[in-house]
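> Residue numbers (my numbering), protein chains in the order written: chain P, 45 to 257; chain E, 45 to 257; chain V, 45 to 257; chain W, 45 to 257.
Beta carbons: idealized from backbone N, C-alpha and C, even for Gly.
Supplied in structure tokens, the structure appears directly below.
Number of protein chains: 4
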Amino acid sequence: MTHLPERLLAGYRNFMAGRYSAESDRYRSLAKDGQSPTTMVIACCDSRAAPETIFDAGPGELFVVRNVANLVPPYAPDGQHHGTSAALEFAVQSLKVSSIVVMGHGRCGGIGAALNPSAEPLSPGDFIGKWMGLVAPAAEALSGNLMTAAERQTALERISIRYQVANLRSFPCVKILEGKGRLTLHGAWFDISTGELWVMNPETGDFERPQLK
Amino acid sequence: MTHLPERLLAGYRNFMAGRYSAESDRYRSLAKDGQSPTTMVIACCDSRAAPETIFDAGPGELFVVRNVANLVPPYAPDGQHHGTSAALEFAVQSLKVSSIVVMGHGRCGGIGAALNPSAEPLSPGDFIGKWMGLVAPAAEALSGNLMTAAERQTALERISIRYQVANLRSFPCVKILEGKGRLTLHGAWFDISTGELWVMNPETGDFERPQLK
Amino acid sequence: MTHLPERLLAGYRNFMAGRYSAESDRYRSLAKDGQSPTTMVIACCDSRAAPETIFDAGPGELFVVRNVANLVPPYAPDGQHHGTSAALEFAVQSLKVSSIVVMGHGRCGGIGAALNPSAEPLSPGDFIGKWMGLVAPAAEALSGNLMTAAERQTALERISIRYQVANLRSFPCVKILEGKGRLTLHGAWFDISTGELWVMNPETGDFERPQLK
Amino acid sequence: MTHLPERLLAGYRNFMAGRYSAESDRYRSLAKDGQSPTTMVIACCDSRAAPETIFDAGPGELFVVRNVANLVPPYAPDGQHHGTSAALEFAVQSLKVSSIVVMGHGRCGGIGAALNPSAEPLSPGDFIGKWMGLVAPAAEALSGNLMTAAERQTALERISIRYQVANLRSFPCVKILEGKGRLTLHGAWFDISTGELWVMNPETGDFERPQLK
Numbered sequence: 045m046t047h048l049p050e051r052l053l054a055g056y057r058n059f060m061a062g063r064y065s066a067e068s069d070r071y072r073s074l075a076k077d078g079q080s081p082t083t084m085v086i087a088c089c090d091s092r093a094a095p096e097t098i099f100d101a102g103p104g105e106l107f108v109v110r111n112v113a114n115l116v117p118p119y120a121p122d123g124q125h126h127g128t129s130a131a132l133e134f135a136v137q138s139l140k141v142s143s144i145v146v147m148g149h150g151r152c153g154g155i156g157a158a159l160n161p162s163a164e165p166l167s168p169g170d171f172i173g174k175w176m177g178l179v180a181p182a183a184e185a186l187s188g189n190l191m192t193a194a195e196r197q198t199a200l201e202r203i204s205i206r207y208q209v210a211n212l213r214s215f216p217c218v219k220i221l222e223g224k225g226r227l228t229l230h231g232a233w234f235d236i237s238t239g240e241l242w243v244m245n246p247e248t249g250d251f252e253r254p255q256l257k
Numbered sequence: 045m046t047h048l049p050e051r052l053l054a055g056y057r058n059f060m061a062g063r064y065s066a067e068s069d070r071y072r073s074l075a076k077d078g079q080s081p082t083t084m085v086i087a088c089c090d091s092r093a094a095p096e097t098i099f100d101a102g103p104g105e106l107f108v109v110r111n112v113a114n115l116v117p118p119y120a121p122d123g124q125h126h127g128t129s130a131a132l133e134f135a136v137q138s139l140k141v142s143s144i145v146v147m148g149h150g151r152c153g154g155i156g157a158a159l160n161p162s163a164e165p166l167s168p169g170d171f172i173g174k175w176m177g178l179v180a181p182a183a184e185a186l187s188g189n190l191m192t193a194a195e196r197q198t199a200l201e202r203i204s205i206r207y208q209v210a211n212l213r214s215f216p217c218v219k220i221l222e223g224k225g226r227l228t229l230h231g232a233w234f235d236i237s238t239g240e241l242w243v244m245n246p247e248t249g250d251f252e253r254p255q256l257k
Numbered sequence: 045m046t047h048l049p050e051r052l053l054a055g056y057r058n059f060m061a062g063r064y065s066a067e068s069d070r071y072r073s074l075a076k077d078g079q080s081p082t083t084m085v086i087a088c089c090d091s092r093a094a095p096e097t098i099f100d101a102g103p104g105e106l107f108v109v110r111n112v113a114n115l116v117p118p119y120a121p122d123g124q125h126h127g128t129s130a131a132l133e134f135a136v137q138s139l140k141v142s143s144i145v146v147m148g149h150g151r152c153g154g155i156g157a158a159l160n161p162s163a164e165p166l167s168p169g170d171f172i173g174k175w176m177g178l179v180a181p182a183a184e185a186l187s188g189n190l191m192t193a194a195e196r197q198t199a200l201e202r203i204s205i206r207y208q209v210a211n212l213r214s215f216p217c218v219k220i221l222e223g224k225g226r227l228t229l230h231g232a233w234f235d236i237s238t239g240e241l242w243v244m245n246p247e248t249g250d251f252e253r254p255q256l257k
Numbered sequence: 045m046t047h048l049p050e051r052l053l054a055g056y057r058n059f060m061a062g063r064y065s066a067e068s069d070r071y072r073s074l075a076k077d078g079q080s081p082t083t084m085v086i087a088c089c090d091s092r093a094a095p096e097t098i099f100d101a102g103p104g105e106l107f108v109v110r111n112v113a114n115l116v117p118p119y120a121p122d123g124q125h126h127g128t129s130a131a132l133e134f135a136v137q138s139l140k141v142s143s144i145v146v147m148g149h150g151r152c153g154g155i156g157a158a159l160n161p162s163a164e165p166l167s168p169g170d171f172i173g174k175w176m177g178l179v180a181p182a183a184e185a186l187s188g189n190l191m192t193a194a195e196r197q198t199a200l201e202r203i204s205i206r207y208q209v210a211n212l213r214s215f216p217c218v219k220i221l222e223g224k225g226r227l228t229l230h231g232a233w234f235d236i237s238t239g240e241l242w243v244m245n246p247e248t249g250d251f252e253r254p255q256l257k
């Protein structure tokens, strides 16, 4: 008996018969030569917003970190185990990616938890509470302003993306390479319902829909 | 001017014309009703091993954490920002997934760094060094044992997956739900070159190729 | 010499040769039988957001009030000259319209003035300052919350539409007829740049894009 | 379910497929650069007399106030919410329009109400009664003069336009700019039945049909 959910095995069979079969040469050379993606994406764990799907990306294209609500904890060289910082360091210093995209999305459960912290933590460790505490001040600043719950949610999703892009710059290597023009930072927000992708204007911070020719 | 790498925009156009166009109803209902994935995958950031690709998964199917070398730091309710623990808590307690898969892969850069720590850290913060420190004892235990470098690499990739599955059980909620039969834990290892998926036998810890009908 | 800007005369010639010529019977019967529009629209004076254009409406279809920022001052039977209240009374009690739409739009100059009141009033009477004072509390509630200027603008445009719809209900005749199911109230927001129309969900207050078959 | 009357949605679909589609560049640049109409029109809410239709005007051309019977309450810097004064101030001081047109029309319901005030107000607030009180002295002056009802109606419609143009001059900024030749004031009257536009001769006050080349 194979110890893997049947749905995954069925999907894997499709992969082997389809994509792998069509791209086996690419996979072989990616294995032999190593990966050299030019883009890092910091995305959410959400099952509806996989970067490879949204950007129709093939093997070797995107180096992807996914955590709840696509956060970038600020630079903290304190000897702790910082998963996102480690991935960032690896992407920038070892893979030498040329762009980093923080991609958020609508109806994000983590952002929702930041806006409406439950009286009871999800578990005694309260990991979501602590993790989303990274955007708690921004959530607080949005309270009591007459927006609907859905409007506040979208507003915080976008405010948070601007924060995470700013946090990227708290890493000296990111700041230096961006200054030299060798690394660009981007924000994007995906609307699950309509499929729309909104891209952050780096000057104003506004999210705008790209012109798709 | 849209501030996003052209390759991503081109991919997004494909997504809209292809997958989104074909599945817009599914996206709309996933937006309206919320996500309810039954599987969480803890995978690596590597650009060659996206879970959605390998399992041919559509929107709403997989809740995915990705960090360097698909690690699960052990339960530590210390008030720090633990990204992977937060995702785990959210998947188990809020989404109530019924299975968790730790998926590693061959030629993993993080595992390579654990086996061959560079004299110089990648950056002053040494985030990769600290992060991969989570498997340092296992890497140490493999040294001087006559295996080739490639053999040691594969060995540590698989040892690490067993470790991470064990770390999952350090979370009380995971342990309790697994005990009640409401949550199953899995390990898997993907061979980038051949496309082969090896699945961990929960009793022996061995990795075996599933029978694909 | 005709005392009317030449551009208007040229436009009028087009009207006579085009629309009037094609619909002279309709105009004649609308003159003879009187108007009987079923919809009242409360819209902004903005030159980019004419309701007849956006709803492609012909003669006799829309009873239209236009003031700066499409406001509905609340019911105040104080004997003053209330232009919008008069139009509302006429539409509801005399024309017996069956629906009222408050239509706002993006980049509204009035809303912008509410968010960024100039130190100097536009003229000694400060009519814009007084008029937009109707949404000043809502503008105040949005300050200091980390949104960009453009995001705050859109947020207030939509908050204001919800306010104006609520103000409609401060008129006893509106409230009574709505309660009897003979009058429906609607909010809409027009995006000048993309042409998108967002419609207010009467239950949540959120603005959503209608499905256009 | 979209909460908007179906007729409006259908019209909006026509707009998107027609005018917006043909003029999307113009809409985009009007959004980006802001509006700069050169003409303000003060018109009636009547569904049969939309200025954009009669002057065949495109987006960005006309800044339009619409109230019942196209009135201009005289300058009253009393701190009340004066919608029409606010629009006038905005058009003149902020947009710097170069002409203002007061456009009345035949069979105007508001003028009819001024001539034949109902014993019972339309609603307890009697907003139409109060609003049309602005032309009550003129209506009174027309009584008992042997004209037919229809003649009296047309007469008051035109007397009122002359009044409103005079009221425009009660605003200091209008008077000053007109004196400097930077602002022109106009009257016009539209015949719904025949489509004829009659333009006020600024010297005699008579309404005349313009020569259409």
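For the pair the segment 240 to 247 of chain V and the segment 69 to 77 of chain W, tell me if three or more CB-CB distances fall below 8 angstroms.
These segments do not touch.
> For residue 213/E and chain P, any beta-carbon pair shorter than 7 angstroms?
Output row for residue 213/E: interface = no.
> What would DSSP say about residue 80/V, mapped onto helix, strand or coil?
Residue 80/V falls in the coil class under three-state DSSP.
> Could you tell me which chain V residues have their CB closer than 8 angstroms to the CB of residue 81/W, listed as they occur along the chain?
Neighbours of residue 81/W on chain V, chain order: 91.
> DSSP puts residue 143/E in a beta bridge; with which residues?
The partner list for residue 143/E (beta bridge, DSSP) reads 83/E, 228/E.
> From what residue to what residue does the beta strand (DSSP E) around residue 241/V run?
That run of the beta strand (DSSP E) goes 241 to 244.
> Where do the ends of the alpha helix (DSSP H) carrying residue 63/E lie?
From DSSP, residue 63/E is part of no alpha helix (DSSP H); its letter is neither H nor E.
> Looking at the structure shown, is residue 89/P part of a helix, part of a strand, or coil, going by DSSP?
Correct three-state label for residue 89/P: coil.
> Residue 137/P to residue 167/E, Cα distance in whole Å?
Each residue's alpha carbon lies about 7 angstroms from the other.
> In angstroms, rounded to a whole number, what distance separates the CA positions of residue 222/E and residue 50/E?
Computed Cα separation, rounded: 45 angstroms.
> Find out if the Cβ-Cβ distance for the pair residue 99/V, residue 64/W is shorter than 7 angstroms.
Contact: no.
> Starting from the beta carbon of residue 232/P, find every residue of chain V whose beta carbon is closer than 9 angstroms, and list them in chain order.
Ordered by position in chain V, no residue passes the 9 angstroms Cβ test against residue 232/P, which lies about 16 angstroms from the chain.
> Work out the CA separation of residue 161/E and residue 209/P for me, nearest whole Å.
C-alpha separation (whole angstroms): 29 angstroms.
> Please report the straight-line C-alpha distance between residue 102/E and residue 220/E, rounded to a whole angstrom.
Distance between the alpha carbons of residue 102/E and residue 220/E: 30 angstroms.
> Count the other CB atoms within 10 Å of the CB of residue 92/V; is the residue buried (16 or more) or exposed (fewer)?
Label assigned to residue 92/V: buried.
> For residue 204/V, would you say it is in contact with chain W, using Cβ-to-Cβ distances shorter than 7 angstroms as the test?
Not one chain W Cβ lies under 7 angstroms of residue 204/V.
> Please confirm whether residue 236/P has its beta-carbon closer than 7 angstroms to some beta-carbon of chain E.
Yes, residue 236/P lies at the interface with chain E (some Cβ there is under 7 angstroms from its Cβ).
> How is residue 111/V classed by DSSP in three states: helix, strand or coil?
Residue state, collapsed to three classes: strand.
> Determine the closest residue to residue 237/P out of 85/E, 94/E, 104/E, with distance taken between C-alpha atoms.
Of the candidates 85/E, 94/E, 104/E, the one whose C-alpha sits nearest the C-alpha of residue 237/P is 104/E.
> Quick one: measure Cβ to Cβ for residue 147/W and residue 251/W, integer angstroms, because I've assumed they're closer than 8 angstroms.
Residue 147/W to residue 251/W, Cβ: 12 angstroms. No contact.
> Can you give the beta carbon distance from residue 109/V to residue 128/V, rounded, assuming they're within the 8 angstroms contact cut?
Yes, residue 109/V and residue 128/V are in contact; Cβ-Cβ is about 6 angstroms, under 8 angstroms.
> Give the range of the alpha helix (DSSP H) segment to which residue 96/P is assigned.
Run containing residue 96/P: 95 to 98, per the alpha helix (DSSP H) assignment.
> Using DSSP bridges, identify the partner residues of residue 233/P.
Bridge partners of residue 233/P: 148/P, 242/P.
> Do residue 182/P and residue 190/V have their C-beta atoms closer together than 7 angstroms?
Cβ distance < 7 angstroms, so residue 182/P and residue 190/V count as in contact.
> Determine, using beta carbons only, whether residue 157/W and residue 112/V come nearer to each other than 7 angstroms.
For residue 157/W and residue 112/V, no; Cβs fall outside 7 angstroms.
> On the CB-based measure, 16 or more other CB atoms within 10 Å of its CB, does residue 151/E come out buried or exposed?
Buried.
> Any Cβ of chain W within less than 7 angstroms of the Cβ of residue 198/V?
It does not: the Cβ of residue 198/V has no partner Cβ on chain W nearer than 7 angstroms.
> Excluding sequence positions up to five away, which residues of its chain have a Cβ less than 7 angstroms from the Cβ of residue 203/P?
Only 182 meet the Cβ criterion.
> Below 7 angstroms on C-beta distance, what does residue 190/V contact in chain P?
Chain P residues near residue 190/V: 182, 185, 203.
> The alpha helix (DSSP H) that contains residue 171/V, what's its start and end?
Taken as a continuous stretch (DSSP letters only), the alpha helix (DSSP H) holding residue 171/V covers 171 to 176.
> Specify the secondary structure class of residue 134/W as computed by DSSP and reduced to three states.
Note: residue 134/W maps to helix in three-state DSSP.
> For the alpha helix (DSSP H) containing residue 202/E, name the first residue and the last one.
It spans 193 to 212 - the alpha helix (DSSP H) in which residue 202/E sits, taken as one unbroken run.
> Taking only beta-carbon positions, decide if residue 144/W is within less than 7 angstroms of chain V.
No, its Cβ sits nowhere closer than 7 angstroms to a Cβ of chain V.
> So which of 231/V, 212/V, 249/V has the shortest CA-CA distance to residue 119/V?
Checked all of 231/V, 212/V, 249/V; the closest Cα to residue 119/V is 212/V.
> Of all the CB atoms in chain V, is at least one closer than 7 angstroms to the CB of residue 137/W?
Yes, residue 137/W counts as interfacial toward chain V.
> Take residue 141/V and list the residues in its own chain whose beta-carbon comes closer than 8 angstroms to its own, dropping the five residues that flank it on each side.
Contacts found: 81, 82, 83, 84, 107, 135, 227.
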